[in-house]
Amino acid sequence: MSESQSVDRAQLSSQAEAMKPVLEKVYSQLRQFANDGDRDWYISLVYERRATASARANNKKTALDEDLNEGLVLRVYDGSTMYEEACDQMGESELLAKAERLAGRVMVNSVEGGDSLRPYSSPSWSDRLQAELDPEITSQIPQDVDSETWVNFGTRWGQGYWGSSAEILQHAQSVLSELSQRHDDLPDSSSAKGAQMLTSIVSSEVVEYLFVDESVKMAQTLTRDRVVAFALKDGQRGVVIKGGLGGLETTRLMESDYEEVFDNLQMVMDSEPLKPGRYKLLMHPAISGVFAHEAFGHTQEGDTWARGRSKAKMLFENKIKVGNEHSNILNNPAVFKNGNDDFAGWGSYYFDEEGWLAQSNYLVKDGVLQAPMTNLTSSLRLNVPRTANGKRESWTNAIYTRQTNTYFEEGDLTFDELLGKIDYGFLATVPYGGMEDPKGMGIQVGIQFLQEVQDGKLTGKVFKGPAGGSIQMTGYVPDYLNAIMGKTKIDAFENHQGEEEPTHPWNEAGGCGKYHKESVVAGCGGPYMLVDDVLLG
Amino acid sequence: MWKVSELEARLESLVSRGEINEWKYSETEKLRKEFYLIQEKTGSEVQVGLDQDRMVNQSEVNVMITVPAGGDGKHGVGHRKLSLKLDLNSQLSQLVDSAKMSQEKQWSLPGVSKRAKVRPELCYKGLISNFDQTSEGILEDMNQAIASVDSGIFNSSEIFVTRTQGQSKTSTGFEKEINSSKIFSEVCFSYDRSHEESEEFLITEWNCHPEQFNYLQMCQDSALFAEKSLETVRPPSGEMSVLIHSDVIAEIMHDSLSHLRGESEYYQMPFLSEGSEFVKGFDGDAFEMSLDPGADYMLGSASFGRFGTAQQAYTLVKNNKVMGNINSPQFAQYTGREQTPYLGNLRIEAKGKPFEKLTASSDKVLEILQFSGLFTSPLDLTFSSEIRLARLYDNERGTVQYIKGGSLSGNLMSNLKGVMWSKEQSTAHIAEWSGSCKGYIGPKHAVLADVMISS
Chain A
211 MSESQSVDRA QLSSQAEAMK PVLEKVYSQL RQFANDGDRD WYISLVYERR ATASARANNK
271 KTALDEDLNE GLVLRVYDGS TMYEEACDQM GESELLAKAE RLAGRVMVNS VEGGDSLRPY
331 SSPSWSDRLQ AELDPEITSQ IPQDVDSETW VNFGTRWGQG YWGSSAEILQ HAQSVLSELS
391 QRHDDLPDSS SAKGAQMLTS IVSSEVVEYL FVDESVKMAQ TLTRDRVVAF ALKDGQRGVV
451 IKGGLGGLET TRLMESDYEE VFDNLQMVMD SEPLKPGRYK LLMHPAISGV FAHEAFGHTQ
511 EGDTWARGRS KAKMLFENKI KVGNEHSNIL NNPAVFKNGN DDFAGWGSYY FDEEGWLAQS
571 NYLVKDGVLQ APMTNLTSSL RLNVPRTANG KRESWTNAIY TRQTNTYFEE GDLTFDELLG
631 KIDYGFLATV PYGGMEDPKG MGIQVGIQFL QEVQDGKLTG KVFKGPAGGS IQMTGYVPDY
691 LNAIMGKTKI DAFENHQGEE EPTHPWNEAG GCGKYHKESV VAGCGGPYML VDDVLLG
Chain B
20 MWKVSELEAR LESLVSRGEI NEWKYSETEK LRKEFYLIQE KTGSEVQVGL DQDRMVNQSE
80 VNVMITVPAG GDGKHGVGHR KLSLKLDLNS QLSQLVDSAK MSQEKQWSLP GVSKRAKVRP
140 ELCYKGLISN FDQTSEGILE DMNQAIASVD SGIFNSSEIF VTRTQGQSKT STGFEKEINS
200 SKIFSEVCFS YDRSHEESEE FLITEWNCHP EQFNYLQMCQ DSALFAEKSL ETVRPPSGEM
260 SVLIHSDVIA EIMHDSLSHL RGESEYYQMP FLSEGSEFVK GFDGDAFEMS LDPGADYMLG
320 SASFGRFGTA QQAYTLVKNN KVMGNINSPQ FAQYTGREQT PYLGNLRIEA KGKPFEKLTA
380 SSDKVLEILQ FSGLFTSPLD LTFSSEIRLA RLYDNERGTV QYIKGGSLSG NLMSNLKGVM
440 WSKEQSTAHI AEWSGSCKGY IGPKHAVLAD VMISS
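Note that the protein sequences, when read in sequence, are chains A and B.
Quick note, the working numbering runs 210 ahead of the 1-based positions in the first sequence.
Quick note, the working numbering runs 19 ahead of the 1-based positions in the second sequence.
Right under this line is the structure:
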């Protein structure tokens, strides 16, 4: 299992390291409360330390915002309800008092005995290692691991990491400088010339988690970085976002990225209103990703199933087909190589916030729904397997079943082959949000603009929404999953260089809101995908 | 562990040494109780179970400073949350270093108003006297409401009750006590016509006081609209009059404020200056739009701005003319304009019509009951969404049909031209991802003309 050769990885901070014995003590105290009353409680603790730095540069100002947020969540599950006490007071005596308060709350409110209880005990390391795990995970687990071993996971860095916040700001300034240069070089005929604002944002987030329960002690350090470059003109924008889990390599912009900012701005400036209707739609991976995320991403969240709010449960139980042979959607927190990028996908991690090791899961396979993603309580309520999808916005928020990286599985065509299948339709490259409808199976995917395709070629004409804003793709999810005409390989343009072939489709660095709040990071992506008869308006 | 009382002395010491120009800090303690109710199925019977029960205690000290930097008309600015367990001096030293790198055009904290001009109530007293018991009481109210509904199937409900207390101070002598409450409630029922035909309808609300919620109405509406979602047809395509409710009015009208802010003028973003026509070619029901910071238990209310400027009611638009721009202390100094009130709930006043007149105002009127995801752009004031549930009033045929699906695409400045407002009034809060909420006070409904529907 253990790593044989030296790999540069993020290490746990001394502050997080110092919390390990504190967590062990608080865990013992809670365990004692349970043992004293012979109570069948599942107890766990999660410590979170989030250090963020965000640098912004534009033609009027530079700003560097730094923040440090840490908190501990004490958890007792009594077989029916998950009780939590969350706080940011990290002193040992304060935490022991919180443990006492939590135990008191559970004792007062807990339902004793009865057939309806769903007790839980955490699997041992030997059970956990039976699962098919990515080598990026197994290589960091010691050979003789047991319940007393602290297992530390750290993000792999290809090109090191920031030495200081000043370096983050310098990078933002350098991206702005490149952006300004490209803007100055635009021909006067370009509609993107004369942008009123050019802005770069570079953000770094170092998130550390410690997790303790009866069977495991784990720590992980995740470095998640992103760069955003955009240009604004007359209320329109061109934007490029790059990021992932890794080192400095995650925030490097290429020449083509800068060009894309102004190409996108120019296209939206030159666009005309779309005539609403049904068209063939070729989706860029960023759009097919939003489609995957909204279609059978949210619908396959276990807590939404358990609330009775998803139609997927009925479709799964009755084995009703929801798509054609191209309909393969995965959720995977273990994307440690993102498309052609040599770093991990934005929504990746080693274990979720309830201590479950990351693994890939099919949500839809060959058009048939698979078991849902779960957090602990939804897996127990539904009596389906655990998956590593227990996430929260921060320690102040509750655990829900959340998506990590959600994407369509790759096909076997090139981009040109897929484009050639279009007699008349559009190419969509820039997403503009999305929304799910888990019970009604509706879908909404926002698109900033559309490029016209005729007889397998881009015509150069660009369209925006009928009222001048974004375009909405709407409709019934199974209709669209049955209308997928084809998908590209991961490397749609066959331009991959290097020894290792890409293993997972590319996932964009995005975010996800759930139940109209609860914001978390989420990757979504896939190959280019062609769908017939898409309602656009 | 250092004490907050030491912080002010250290900040003043940094001022006297010329290392920082000005400062502001706030110290808050936030208590939040969260209840997650879920359906417990025993055979065909559905009970209400408690899935999660959470208590959150969060203490924060946030500091903002400005520092000398460069001398070319710029200063540095830094914001940071301080940790009580880390050394205070080294955290302040890091903040000063970081502020030196964040450069913007210089501005000064404004003078402090001597007294408040409005004094809204911002905290439900029961949450100060007994937080735990009051929170449990709110949960009980929801449980009773759920039990009172005899149609539909209960799916889930969430209740979050938050109390924030603390104080803030500035180097200019402004001191303020913080006392506020915020309550989130959602409920979702579904309706099964058969094993395969089922729909749900989620209703969410943010408020400040428990009496602002009508849990029974929320539960009944959720159950009713879940059932009606099974009786829908797709909307007709084309331009149509669309009747929107206060939550959507709040969202799209708040977007228009960005075009009135001095910040947009400074950054050369779309901007409407004082004296401009608000909507070109306007021939709708006249309305007045203002900021109202003084309404009790509204989440957009505030007696003072962040740095001690007393806030008051402020007219922005009247008779379709921009009466005033919103110039916060910083951007007023940048643009050389007079500082104005800049906080408050968005208030719209208009001579409204009865609801029945609104639904009969065109051959076809589409009443939006819920959008799937309303995406708006404050930059170009466009908006679009899938239609989750709507009612189509076909006045030629004399029919009312429920609608689901298709999308709506609009532009506020075009669709507001022929606006009609309802006589019935309402309030609404809209939550932002940052955690703050915006308030709206005004007509409960509005009709926008010629909105494009795609189906």
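For each residue, glycine too, the CB sits at the ideal point set by N, CA and C.
Please report the straight-line C-alpha distance between leucine 305 of chain A and methionine 292 of chain A, rounded to a whole angstrom.
As a working mapping, residue 305 of chain A is identified with position 95 in the first sequence. As a working mapping, residue 292 of chain A is identified with position 82 in the first sequence. Going by the C-alpha atoms only, they are around 18 Å apart.
How would you label tryptophan 452 of chain B, buried or exposed, when you count the other beta carbons within 10 angstroms and need 16 or more for buried?
Residue 452 of chain B sits at position 433 when you count from the first residue of the second sequence. Exposed is the call here.
Among all the DSSP beta bridges, which residues are the ones paired with tryptophan 515 of chain A?
As a working mapping, residue 515 of chain A is identified with position 305 in the first sequence. In the DSSP output, where bridge partners are listed per residue, tryptophan 515 of chain A has none listed.
Alpha helix (DSSP H) containing histidine 15 of chain B: first to last residue?
Residue 15 of chain B falls outside the range modelled here, since chain B spans only 20 to 474, and no answer is possible.
Rounded separation between glycine 533 of chain A and tyrosine 690 of chain A - CA only:
Walking along the first sequence from the start, residue 533 of chain A turns up at place 323. Walking along the first sequence from the start, residue 690 of chain A turns up at place 480. Each residue's Cα considered, the two are about 8 Å apart.
Is there a C-beta anywhere in chain A that falls below 7 Å from the one on leucine 107 of chain B?
For the purposes of this step, residue 107 of chain B is taken as the residue at position 88 of the second sequence. No, no contact with chain A.
Endpoints, the alpha helix (DSSP H) within which leucine 56 of chain B is located
Taking the first residue of the second sequence as position 1, residue 56 of chain B is located at position 37. No alpha helix (DSSP H) contains leucine 56 of chain B, which is instead part of the beta strand (DSSP E) from 41-61.
To the nearest angstrom, how far is the alpha carbon of histidine 706 of chain A from that of glutamine 369 of chain A?
Position 496 of the first sequence, counted from the start, is the residue given in the question as residue 706 of chain A. Position 159 of the first sequence, counted from the start, is the residue given in the question as residue 369 of chain A. Computed Cα separation, rounded: 20 Å.
Limits of the unbroken alpha helix (DSSP H) element including threonine 378 of chain B:
Stepping through the second sequence from its first residue, residue 378 of chain B is reached at position 359. That run of the alpha helix (DSSP H) goes 374-378.
For glycine 89 of chain B, count the other beta carbons within 10 Å of its own beta carbon; 16 or more makes it buried, fewer makes it exposed. Which is it?
Your numbering for residue 89 of chain B matches position 70 in the second sequence. Exposed.
Report the rounded CA-to-CA distance for tryptophan 42 of chain B versus methionine 20 of chain B, giving the unit in angstroms.
Here the question's residue 42 of chain B lines up with position 23 in the second sequence. Here the question's residue 20 of chain B lines up with position 1 in the second sequence. Their backbone Cα atoms lie some 22 Å apart in a straight line.
Terminal residues of the beta strand (DSSP E) in which arginine 36 of chain B lies
In the second sequence, counting from the first residue as 1, residue 36 of chain B sits at position 17. Element bounds for arginine 36 of chain B: n/a, residue is neither H nor E.
Which same chain residues, not among the five before or five after alanine 732 of chain A, have their C-beta less than 8 Å away from its C-beta?
For the purposes of this step, residue 732 of chain A is taken as the residue at position 522 of the first sequence. Within the same chain, alanine 732 of chain A has close Cβ partners His503, Trp556, Gly557, Arg612, Gln613, Thr614, Asn615, Thr616, Gly720, Gly721 and Cys722.
Express the C-alpha separation of glutamine 163 of chain B and alanine 261 of chain A in angstroms, rounding to a whole number.
Looking up residue 261 of chain A in the first sequence gives position 51. Looking up residue 163 of chain B in the second sequence gives position 144. If you take the alpha carbons of alanine 261 of chain A and glutamine 163 of chain B, they lie about 43 Å apart.
For a cutoff of 7 Å on Cβ pairs, would you count valine 75 of chain B as touching chain A?
Within the second sequence, residue 75 of chain B is the residue found at index 56, counting from 1. Yes, valine 75 of chain B lies at the interface with chain A (some Cβ there is under 7 Å from its Cβ).
Serine 132 of chain B beta carbon less than 7 Å from that of alanine 329 of chain B:
Counting from one through the second sequence, the residue named residue 329 of chain B turns up at place 310. Counting from one through the second sequence, the residue named residue 132 of chain B turns up at place 113. In contact: alanine 329 of chain B and serine 132 of chain B (Cβ atoms closer than 7 Å).
Using a Cβ cut-off of 7 Å (strictly closer), state whether asparagine 430 of chain B contacts chain A.
If you number the second sequence from 1, residue 430 of chain B lands on position 411. Cβ-Cβ to chain A under 7 Å: yes for asparagine 430 of chain B.
Could you tell me whether the Cβ atoms of cysteine 142 of chain B and asparagine 226 of chain B are closer together than 7 Å?
Translated into positions along the second sequence, residue 142 of chain B becomes position 123. Translated into positions along the second sequence, residue 226 of chain B becomes position 207. In this structure, asparagine 226 of chain B does not lie closer than 7 Å to cysteine 142 of chain B by Cβ.
Between the C-alpha atoms of serine 570 of chain A and glutamate 511 of chain A, what's the straight-line distance to the nearest angstrom?
Locating residue 570 of chain A in the first sequence gives position 360, counting from the first residue. Locating residue 511 of chain A in the first sequence gives position 301, counting from the first residue. If I take the Cα positions, the gap works out to 15 Å.
Should glycine 373 of chain A go down as buried or exposed, given a rule of 16 or more other Cβ atoms within 10 Å for buried?
Locating residue 373 of chain A in the first sequence gives position 163, counting from the first residue. Exposed, since its Cβ has fewer than 16 Cβ neighbours within 10 Å.
Looking at the strands, I want to know which residues DSSP matches up with threonine 616 of chain A.
Taking the first residue of the first sequence as position 1, residue 616 of chain A is located at position 406. Bridge partners of threonine 616 of chain A: A:Asn541 and A:Cys734.
Closer than 7 Å, CB to CB, is arginine 285 of chain A near chain B or not?
Within the first sequence, the letter at position 75 stands for residue 285 of chain A. So no, arginine 285 of chain A is outside the interface.
Nearest neighbour of lysine 649 of chain A, chosen from B:Leu50, B:Arg407 and B:Lys100 [CA to CA]
Looking up residue 649 of chain A in the first sequence gives position 439. Nearest option by C-alpha distance: B:Arg407.
So, with DSSP's three-state summary, where would you put lysine 793 of chain A?
Chain A is shown from 211 up to 747; residue 793 of chain A falls before or after that span and cannot be answered.
Given that a residue counts as buried once 16 or more other Cβ atoms are within 10 Å of its Cβ, and exposed if not, what is valine 252 of chain B?
Stepping through the second sequence from its first residue, residue 252 of chain B is reached at position 233. That one is exposed.
Quick one: which residues of the region 60-85 of chain B get their C-beta closer than 9 Å to a C-beta of chain A? List them in chain order.
Lys60, Thr61, Val65, Gly68, Leu69, Asp70, Gln71, Asp72, Arg73, Met74, Val75, Asn76, Gln77, Ser78 and Glu79
Contact list for threonine 401 of chain B against chain A, beta-carbon separation under 8 Å:
Locating residue 401 of chain B in the second sequence gives position 382, counting from the first residue. Correct list: Gly675, Ala677, Gly678, Gly679 and Ser680.
Can you give me the C-alpha to C-alpha distance between arginine 325 of chain B and asparagine 233 of chain B, rounded to a whole angstrom?
For this step, residue 325 of chain B is matched to residue 306 along the second sequence. For this step, residue 233 of chain B is matched to residue 214 along the second sequence. One C-alpha to the other measures close to 33 Å.
Pairing CB atoms from the region 458-467 of chain A with CB atoms from the region 415-425 of chain A, are three or more of them under 8 Å?
no
Looking only at DSSP bridge pairs, what is isoleucine 84 of chain B linked to?
As a first step, residue 84 of chain B must be located in the second sequence, where it is residue number 65. Partner(s): B:Trp42 and B:Gly97.
In terms of DSSP beta bridges, what is proline 483 of chain A paired with?
As a first step, residue 483 of chain A is located in the first sequence; it is residue number 273 there, counting from the start. For proline 483 of chain A, which the question treats as bridged, DSSP gives the partners A:Lys674.
Residue-level contact to chain B via CB, aspartate 423 of chain A, 7 Å cutoff
Position 213 of the first sequence, counting from 1, holds the residue named residue 423 of chain A. No, aspartate 423 of chain A lies away from the interface with chain B (no Cβ there is under 7 Å from its Cβ).
I believe leucine 274 of chain A touches alanine 263 of chain A by the beta-carbon criterion, under 8 Å. Please report the beta-carbon distance rounded to the nearest angstrom.
Residue numbering aside, residue 274 of chain A sits at position 64 when the first sequence is read from its first letter. Residue numbering aside, residue 263 of chain A sits at position 53 when the first sequence is read from its first letter. Rounded, the Cβ-Cβ distance is 7 Å, consistent with contact.
Return the chain-ordered list of same chain residues with a C-beta closer than 6 Å to the C-beta of serine 445 of chain B, the five sequence neighbours on each side being excluded.
Stepping through the second sequence from its first residue, residue 445 of chain B is reached at position 426. Around serine 445 of chain B: Ser265 and Lys463.
Of all the CB atoms in chain A, is at least one closer than 7 Å to the CB of tyrosine 286 of chain B?
The residue labelled residue 286 of chain B in the question sits at position 267 within the second sequence. At least one chain A Cβ lies under 7 Å of tyrosine 286 of chain B.
Counting C-beta neighbours from all protein chains within 10 Å, is the total for arginine 436 of chain A 16 or more, i.e. buried, or is it exposed?
Residue 436 of chain A sits at position 226 when you count from the first residue of the first sequence. It counts as buried.
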